[in-house]
Amino acid sequence: MSILTVTHPTGQYPVHIWRGALAHAGELVRGIGVTGKVAVITNPTIAALYGDVVMSGLEAAEVAAVQCTMPDGEEYKTLDTVRALYDQLIDGQLDRNGAVLALGGGVVGDVAGFVAATYLRGIALVQAPTTLLAMIDSSLGGKVAVDHPRGKNLIGAFYQPRLVIADPDVLRTLPPAEWRAGLAEVVKHGIIAAPKLFALLEQHGLEPLDAIVEQAVAVKVEIIQGDPYEQGRRAVLNLGHTFAHAFETVSDYRLRHGEAVGIGLIAAARTAVAMGLCRPEVERRIADLLSRFDIPTRLGGYDPVAIRAAMSTDKKRRGSRLRFILPEDIGRVTIRDDVPEGVILEVLGSLTP
18 MSILTVTHPT GQYPVHIWRG ALAHAGELVR GIGVTGKVAV ITNPTIAALY
68 GDVVMSGLEA AEVAAVQCTM PDGEEYKTLD TVRALYDQLI DGQLDRNGAV
118 LALGGGVVGD VAGFVAATYL RGIALVQAPT TLLAMIDSSL GGKVAVDHPR
168 GKNLIGAFYQ PRLVIADPDV LRTLPPAEWR AGLAEVVKHG IIAAPKLFAL
218 LEQHGLEPLD AIVEQAVAVK VEIIQGDPYE QGRRAVLNLG HTFAHAFETV
268 SDYRLRHGEA VGIGLIAAAR TAVAMGLCRP EVERRIADLL SRFDIPTRLG
318 GYDPVAIRAA MSTDKKRRGS RLRFILPEDI GRVTIRDDVP EGVILEVLGS
368 LTP
């Protein structure tokens with residue numbers, strides 16, 4: 018059993034990382050002082066797998082609960098879905114002593130978090146992530162949002178959870194594509210600040226899964242505690258993402274986020290090598306580890322000039338300058354906004370034969 022504590026400007030919250038934790042949701046919710054009804058917000062796919070486990074755990078601790086559902090898919094990360102969930106919370110008679118428990122991946126966590134932040138001007142939020150990506154990344158740090166027709170995550174807030182329940186047992190039902198999406202981010206965390214995590218993955222693969230989850234979570238926790246509102250060092254969590262978001266755009270989102278991040282990590286490493294910031298050995302280790310997990314490292318069939326144009330809309334840019342997070346070694350990265358245009362196009366050309 019592992020319990021990490023996240024400290025933020027308005028308080029702190031525990032992150033429970035242990036097998037079987039979901040079945041104890043009731044006593045964990047009681048432990049943070051929730052006395053009212055709990056709304057378990059999930060989608061039909063996750064409800065069929067883990068809805069009964071959570072509801073039974075709440076019932077065992079004599080916590081009144083109601084299950085609320087939203088459709089499954091990124092396309093439902095909208096204000097229309099939020100409005101429908103408000104109706105379910107009102108029908109369920111949730112008051113300010115209650116809580117929202119977000120049971121699902123990143124989309125459920127973002128939408129349910131936004132609902133919790135705005136219903137009755139804010140009620141307690143519990144994150145119960147069911148994907149590897151959500152477990153090590155989006156469930157932590159208090160960023161909640163929905164999409165707008167004109168852009169992704171344009172409507173949102175910083176709203177910290179009161180509790181995170183990360184149960185590694187739920188990961189056994191993940192489809193391969195979701196595994197790859199999460200593993201790309203695990204590798205990213207190793208490159209940013211955890212050389213021991215990176216070496217663990219190289220030496221043992223996914224066998225020590227609990228340790229992998231705990232170490233990846235610890236990276237995110239350390240960074241968000243130092244920069245809770247994304248004004249400084251938290252930017253390092255975007256390693257590979259300046260490239261990845263452009264890859265997603267030019268592929269019309271046929272390329273999954275985790276796959277795009279994997280290729281983005283190679284692009285960032287190759288850029289760093291070209292600028293003399295790191296040794297070629299670093300790029301090779303990253304490529305070898307990604308390939309071991311069947312995460313793509315090349316992007317075929319796309320025009321480098323079109324990818325470069327898509328990068329110009331990146332929200333992380335400063336004025337006309339793009340900001341890149343680049344590895345200096347495994348466990349150490351730097352933020353640069355002086356990458357030569359020729360290097361960018363050369364790297365993109367090497368990834369898109």
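To convert, count from 1 in the sequence shown and add 17; that's this note's numbering.
Backbone N, C-alpha and C define an ideal beta-carbon position, used for all residues, glycine too.
At which residues does the beta strand (DSSP E) containing G28 begin and terminate?
28-34
Please list, in chain order, all residues of the same chain as K54 whose beta carbon is under 6 Å from its beta carbon, the five residues on each side excluded.
A81, L111, G115
Is the number of C-beta pairs between the stretch 43-52 and the stretch 65-77 that are closer than 8 Å three or more?
yes
Local conformation of S19 per DSSP, three classes:
strand
Would you report the Cα separation of A304 and T147, rounded to the nearest angstrom?
27 Å
Euclidean distance between Cα positions of G366 and D346
24 Å
Beta-carbon contacts of R251 that lie in its chain and below 7 Å, excluding the five residues immediately before and after
I240, I241, D244
I'd like to check one pair, V143 with P178: are the Cβ atoms closer than 8 Å?
yes
Closest Cα partner of D354 within the set T288, P297, V299
T288
Whole-angstrom distance between G130 and A211, CA atom to CA atom:
28 Å
Taking its Cβ as the centre, do 16 or more other Cβ atoms sit within 10 Å of H221, making it buried, or is it exposed?
exposed
Checking 8 Å against the spacing of the C-beta atoms, do T327 and T266 come in under that value?
The sequence as given places Ala at residue 327; Thr does not occur at that position. Result yes, Cβ atoms of A327 and T266 sit closer than 8 Å.
Span of the beta strand (DSSP E) around A119
116-121
For T351, which option in R36, A285, Y319 has the closest C-alpha, if you only look at C-alpha atoms?
A285
What does DSSP give as the partner residues of T24 in its beta bridges?
Q29
Closest Cα partner of L118 within the set P321, A56, P88, T62
A56
So, does the stretch 171-188 touch the stretch 204-219, judging by three or more C-beta pairs under 8 Å?
no
By Cβ distance, which residues of its chain are closer than 7 Å to Q379, with the 5 residues on each side in sequence left out?
Past the boundaries of the shown model lies residue 379; the chain is included only from 18 to 370, so the question cannot be answered.
Hey, how far is the Cα of V70 from the Cα of V51?
19 Å
Among residues of its own chain, excluding the 5 on either side of V124, which ones have a beta-carbon nearer than 6 Å to its beta-carbon?
E91, K94
Let me confirm a value: D184 is counted as buried when at least 16 other C-beta atoms fall within 10 Å, else exposed. Which label applies?
buried
So, using beta-carbon positions, are L157 and V187 closer together than 8 Å?
no
Can the beta-carbon of N60 be found closer than 8 Å to that of G126?
no
Taking just the CA atoms, how far does T190 sit from P150?
Per the sequence presented here, residue 150 reads as Leu, with Pro not at that position. Those two C-alpha atoms are separated by around 14 Å.
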